[in-house]
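K.L.:
Take a look at this one; I'll ask things after.
2 protein chains.
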Amino acid sequence: MTTISECGPNDVYAAACPCRDMLDLLANKWSALALGALEDGPRRFGAIKERLQGISPKVLTQTLRRLEEHGLVSREIFPEVPLRVEYSLTPLGVDACVPLAGLRLWVEDNIHRFPASA
Amino acid sequence: MTTISECGPNDVYAAACPCRDMLDLLANKWSALALGALEDGPRRFGAIKERLQGISPKVLTQTLRRLEEHGLVSREIFPEVPLRVEYSLTPLGVDACVPLAGLRLWVEDNIHRFPASA
DNA sequence: GAGCCTAGTTCCCATTGGATACCATGCTCG
DNA sequence: CGAGCATGGTATCCAATGGGAACTAGGCTC
């Protein structure tokens, strides 16, 4: 059994490596979209929900909380009326957006090549 | 219902765009790992299973079949004894590996920045 | 015929995904 | 004063998925 410290070169292929969990966190439809939605600056819950067409509030909350938990997103509450809650990218989140944006763009650019995508 | 041609700029943020399905297919832990496992050439089922530490045969079959279905991977059966089945990347699969490799590498390079990843 | 090899399949259960409905706060309008 | 609306969620429920363990099938080899 490989311990974490021995996980050495941080191999996503190693089951015990924390990389696996991070990959699982990022390699996820809603995570990739949510992080992308914050690329242009902080956004409110409602705005993100509007951008991520088709997401339910529960799943959006789950997604954002999970990203927050792992230090990719920060959540700020403004006790105004009506209540305002803003989500924004942390520096780590900003950096994570680079490969994720690459993935999103690749999909958009290559969608026509997929067979029977109808 | 939005048709493909009307889906316009192929927006992954649009719920009805087939991009969404493709993103869901690729933005997945096992898909990203499986495609990466085939980057160096065709591999047998057993070899892939060995590489993707911790995956169960059922999930691997599901993953590979789904990738095959969408034209990213091709499956070839050699009716030898014992049976040999080789999986390899299609040209589309090869291209898809680029952004996915970027994601895997980013995770490996930045894992130390994640809080409490231990 | 026992056992092994590969490449799965089958069964079953726990977790997750997701839709819908509802809630709390506190304005603002009538 | 109560009705209604806005925001940012929960609560509830059900279906789909993820995933482990065990089993299968064809066909050598011992």
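Chains as they are written, first to last, in full-length UniProt numbering: chain A, 1 to 118; chain B, 1 to 118.
Backbone N, C-alpha and C define an ideal beta-carbon position, used for all residues, glycine too.
None of the values given here were measured: they were computed from a predicted structure.
Counting Cβ pairs closer than 8 Å, one from the region 64-77 of chain B and one from the region 48-58 of chain A, do we hit at least three?
P.N.:
Contact fails: fewer than three Cβ-Cβ distances are below 8 Å.
K.L.:
Quick one: list the residues of chain B neighbouring V12 of chain A, beta-carbon separation under 7 Å, in chain order.
P.N.:
Position 12 of the first sequence, counting from 1, holds the residue named residue 12 of chain A. Going along chain B in sequence order, the residues near V12 of chain A (Cβ under 7 Å) are L33, R104, V107, E108.
K.L.:
Compute the beta-carbon to beta-carbon distance between K29 of chain A and A27 of chain B, rounded to the nearest angstrom, for a pair I have assumed lies under 8 Å.
P.N.:
Counting from 1 along the first sequence, the entry for residue 29 of chain A is found at position 29. Counting from 1 along the second sequence, the entry for residue 27 of chain B is found at position 27. The pair is a contact, with the Cβ atoms about 5 Å apart (cut-off 8 Å).
K.L.:
Could you check whether the Cβ of D40 of chain B sits closer than 8 Å to any Cβ belonging to chain A?
P.N.:
Along the second sequence, one-based indexing puts residue 40 of chain B at 40. With 8 Å as the cut-off, D40 of chain B does not count as an interface residue toward chain A.
K.L.:
If you pair each beta-carbon of the region 41-57 of chain A with each one of the region 46-56 of chain B, do three or more pairs fall below 8 Å?
P.N.:
Contact between the region 41-57 of chain A and the region 46-56 of chain B is absent, because fewer than three Cβ pairs lie under 8 Å.
K.L.:
Could you list which residues in chain A have their beta carbon closer than 7 Å to that of G71 of chain B, in chain order?
P.N.:
Working through the second sequence from its first residue, we reach residue 71 of chain B at position 71. Those within 7 Å of G71 of chain B in chain A are F114, P115.
K.L.:
Mind checking whether E108 of chain A and C19 of chain B have CB atoms under 8 Å apart?
P.N.:
As a working mapping, residue 108 of chain A is identified with position 108 in the first sequence. As a working mapping, residue 19 of chain B is identified with position 19 in the second sequence. Yes, the pair counts as a contact, with Cβ atoms nearer than the cut-off.
K.L.:
Just checking: is the beta-carbon of C19 of chain B within a distance shorter than 8 Å of some beta-carbon in chain A?
P.N.:
Numbered from 1 along the second sequence, position 19 holds the residue referred to as residue 19 of chain B. Interface residue, yes.
K.L.:
Consult DSSP for E68 of chain B and reduce its assignment to one of helix, strand or coil.
P.N.:
Mapped onto the second sequence, residue 68 of chain B falls at position 68. Helix.
K.L.:
Since I believe P99 of chain B is in contact with G102 of chain A (beta carbons under 8 Å), could you give me their beta-carbon distance rounded to a whole number of angstroms?
P.N.:
One-based indexing of the first sequence puts residue 102 of chain A at position 102. One-based indexing of the second sequence puts residue 99 of chain B at position 99. Contact holds; Cβ gap of about 4 Å.
K.L.:
Do G41 of chain A and L72 of chain A have their C-beta atoms within less than 8 Å of each other?
P.N.:
Taking the first residue of the first sequence as position 1, residue 41 of chain A is located at position 41. Taking the first residue of the first sequence as position 1, residue 72 of chain A is located at position 72. Taking 8 Å as the Cβ cut-off, G41 of chain A and L72 of chain A do not qualify as a contacting pair.
K.L.:
Measure the C-alpha to C-alpha separation of A96 of chain A and E86 of chain A and round it to an integer number of angstroms.
P.N.:
Working through the first sequence from its first residue, we reach residue 96 of chain A at position 96. Working through the first sequence from its first residue, we reach residue 86 of chain A at position 86. Going from the Cα of A96 of chain A to the Cα of E86 of chain A covers about 19 Å.
K.L.:
Within this structure, are the beta carbons of R75 of chain A and V12 of chain B separated by less than 8 Å?
P.N.:
Against the first sequence, residue 75 of chain A aligns to sequence position 75. Against the second sequence, residue 12 of chain B aligns to sequence position 12. The answer is no: Cβ separation not under 8 Å.
K.L.:
Quick one: which chain A residues come within Cβ less than 7 Å of Q62 of chain B?
P.N.:
Your numbering for residue 62 of chain B matches position 62 in the second sequence. The premise fails here: Q62 of chain B is roughly 16 Å from chain A at the closest Cβ pair, so nothing lies under 7 Å.
K.L.:
Establish whether the CB of K58 of chain B and some CB of chain A are separated by less than 8 Å.
P.N.:
Counting from 1 along the second sequence, the entry for residue 58 of chain B is found at position 58. No, K58 of chain B does not count as interfacial toward chain A.
K.L.:
Going straight from the alpha carbon of T2 of chain B to that of D21 of chain B, what length do you get?
P.N.:
Taking the second sequence and counting its residues from 1, the one referred to as residue 2 of chain B is at position 2. Taking the second sequence and counting its residues from 1, the one referred to as residue 21 of chain B is at position 21. Here T2 of chain B scores only 40 on pLDDT, less than 50, and its place in the model should not be relied on; the value that follows carries that caveat. Taking the straight line joining both Cα atoms gives about 14 Å.
K.L.:
In chain B, which residues lie with their C-beta within 7 Å of the C-beta of K29 of chain A?
P.N.:
Taking the first residue of the first sequence as 1, we reach residue 29 of chain A at position 29. Neighbours of K29 of chain A on chain B, chain order: L23, D24, A27.
K.L.:
Secondary structure at V85 of chain A, three-state DSSP: helix, strand or coil?
P.N.:
Translated into positions along the first sequence, residue 85 of chain A becomes position 85. Looking at V85 of chain A - three-state DSSP - the assignment turns out to be strand.
K.L.:
Measure the beta-carbon distance from A34 of chain B to L64 of chain B and round it to whole angstroms, keeping in mind my assumption that it falls under 8 Å.
P.N.:
In the second sequence, counting from the first residue as 1, residue 34 of chain B sits at position 34. In the second sequence, counting from the first residue as 1, residue 64 of chain B sits at position 64. Contact flag correct, Cβ pair sits at about 6 Å.
K.L.:
E76 of chain A bridges to which residues according to DSSP?
P.N.:
Counting from one through the first sequence, the residue named residue 76 of chain A turns up at place 76. Per DSSP, A:E86.
K.L.:
CA-CA distance, F114 of chain B and F45 of chain A?
P.N.:
Locating residue 114 of chain B in the second sequence gives position 114, where the first residue counts as 1. Locating residue 45 of chain A in the first sequence gives position 45, where the first residue counts as 1. Near 24 Å, if we compare the C-alpha coordinates of F45 of chain A and F114 of chain B.
K.L.:
Can you give me the start and stop residues for the alpha helix (DSSP H) that N110 of chain A sits inside?
P.N.:
Working through the first sequence from its first residue, we reach residue 110 of chain A at position 110. Its alpha helix (DSSP H) spans residues 91-110.
K.L.:
List, in chain order, every chain A residue whose beta-carbon is nearer than 7 Å to that of R51 of chain B.
P.N.:
Along the second sequence, read from residue 1 onward, the residue named residue 51 of chain B stands at position 51. Per Cβ cutoff of 7 Å: Y13.
K.L.:
How long is the line joining the alpha carbons of L89 of chain A and R43 of chain A, rounded to whole angstroms?
P.N.:
Locating residue 89 of chain A in the first sequence gives position 89, counting from the first residue. Locating residue 43 of chain A in the first sequence gives position 43, counting from the first residue. Each residue's alpha carbon lies about 10 Å from the other.
K.L.:
How many Å lie between W106 of chain B and E80 of chain A at the Cα?
P.N.:
Translated into the one-based positions of the second sequence, residue 106 of chain B becomes position 106. Translated into the one-based positions of the first sequence, residue 80 of chain A becomes position 80. Looking at the two C-alpha atoms, the distance is approximately 38 Å.
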